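Numbering-wise (the numbering used here), the sequence shown opens with residue 11 and increments by one. First comes the structure, then the notes that go with it.
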Amino acid sequence: MLYANGSVDAAEAVLGTVLDSPSHQAGEGVWMMLLDLYRLTGQRQRFESRVVDYATRFERSPPPWQDLSSAPAQGRPKAVPLLSLSGTLSGQSATQFEQIGIIGKKSGAIRIELSRLRSVDEVGCTLFRKLLRELAAERVKVSLLKCGQLVDMLVGQVHVGRPEGRDGWLLLLEMLQHTGEQDRFEQIAVDYAITFEESPPSWEPKMEREAISTAAIEAAVTAAEGFSLDGELTGATTESIRRLAAFAADRQRFEVDCAQLRRLDFVSAGTLFNVLAPLHAQGKQVILRNVNAMVAALLRVMSVDQVAQVMLRA
């Protein structure tokens with residue numbers, strides 16, 4: 011509770027007093043809380059002075075030292091967020107598109123993987139084009155990956171001489187710019203002009219220039235199927251927790267990576283419970299993975315472990 015409120019020194023003093031008391035046989039959970047507190051605050055010497063006692067008491071290897079303090083790693087490039095669209099692209103995708111827009115504008119660049127789409131309707135085309143226009147207006151770099159399946163679906167839905175589904179036509183032309191298929195683009199652009207009796211968009215290649223291997227894309231998409239919480243989340247910074255509801259909309263099971271989550275306060279823990287409880291009631295399985303022992307203790311106090319599976323970090 012002290013740590014959740016930001017009183018690190020007081021929390022350390024309480025844990026140290028418990029472990030040093032000759033009359034108190036502290037369990038492994040208390041030891042892990044103190045060791046994680048040392049890692050979270052970058053106190054390597056104190057950590058190393060305790061791990062020997064830990065190993066002796068529990069007859070097992072102690073957790074390794076890892077500096078989990080707030081100092082950022084030097085020279086680490088900022089990863090471009092990768093999100094995956096799946097299922098049906100329709101009016102029900104509005105919330106997901108809204109969240110993609112928020113993430114893209116915040117990061118300045120975003121990658122969207124499309125191979126898991128199974129169908130698309132006119133409203134979905136309209137919403138997707140609106141998202142791409144908004145990101146372009148904000149100068150956000152957008153890379154669309156594996157557009158081929160969406161292109162094939164759209165080709166089957168447009169009909170020369172039948173002036174309907176305009177956004178489907180325009181989305182198709184935009185996807186071809188992302189796949190770099192200029193000849194196919196020019197052919198469909200002529201069909202568009204005939205059908206709607208107006209000039210089609212001009213060719214403007216948008217294919218991602220960097221060579222990305224299929225294996226690399228698949229690995230990134232697998233990672234994107236999860237969700238992450240990081241930093242110190244307090245009552246004023248719960249936006250990332252609220253995004254969980256949108257992320258969970260079309261998923262029955264997913265993981266939340268908490269490896270970089272240092273601290274939650276009581277307000278943010280309550281917000282997390284309020285987001286996860288309805289998901290649990292819907293039968294969805296949420297796994298909070300790599301949670302440090304200090305945060306895990308608060309999650310137990312706030313009953314978050316009753317609506318999600320909490321897994322401690324090594």
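Backbone N, C-alpha and C define an ideal beta-carbon position, used for all residues, glycine too. Being a predicted model, the structure only gives us computed values, none of them experimental.
Helix, strand or coil at residue i [DSSP, three-state]
i    : result
N284 : helix
R70  : coil
G97  : strand
M185 : helix
R56  : helix
V311 : helix
S125 : strand
R139 : helix
Q316 : helix
V133 : helix
A119 : strand
A306 : helix
D267 : strand
L154 : strand
D240 : strand
Q292 : coil
R172 : coil
M11  : coil
R273 : strand
L25  : helix
L78  : coil
A90  : The residue you asked about is not Ala; residue 90 is Val in the sequence shown. Correct three-state label for V90: coil.
Separation of residue j from residue i, as counted between CA atoms
i    : j    : result
R252 : Q295 : 17 Å
L170 : R139 : It is worth fixing the name first, because residue 170 is Val in this sequence and not Leu. When rounded, the distance between both Cα atoms is 21 Å.
A287 : V277 : 15 Å
Q106 : E58  : 45 Å
T136 : L274 : 39 Å
S79  : K151 : 31 Å
A229 : R70  : Unreliable placement is indicated for A229, whose pLDDT of 42 sits below 50; the coordinate value is still reported in the next sentence. About 33 Å.
S153 : A203 : 27 Å
V18  : L12  : 7 Å
D260 : A291 : 15 Å
L25  : A14  : 14 Å
L189 : V168 : For the sequence presented, residue 189 should be read as Thr rather than Leu. When rounded, the distance between both Cα atoms is 19 Å.
Residue i vs residue j beta-carbon contact at 8 Å
i    : j    : result
G101 : V133 : yes
E123 : K156 : yes
L160 : G178 : no
G39  : A279 : no
A258 : M43  : no
L298 : V320 : yes
L95  : R126 : yes
G97  : R128 : yes
R54  : W75  : yes
L141 : G111 : yes
Cβ-Cβ separation, residue j to residue i (assumed contact under 8 Å), whole Å
i    : j    : result
W41  : L29  : 7 Å
L271 : V305 : 6 Å
R60  : L45  : 6 Å
### Sufficient close CB pairs (3 or more, under 8 Å) joining the stretch 263 to 274 to the stretch 236 to 243
yes
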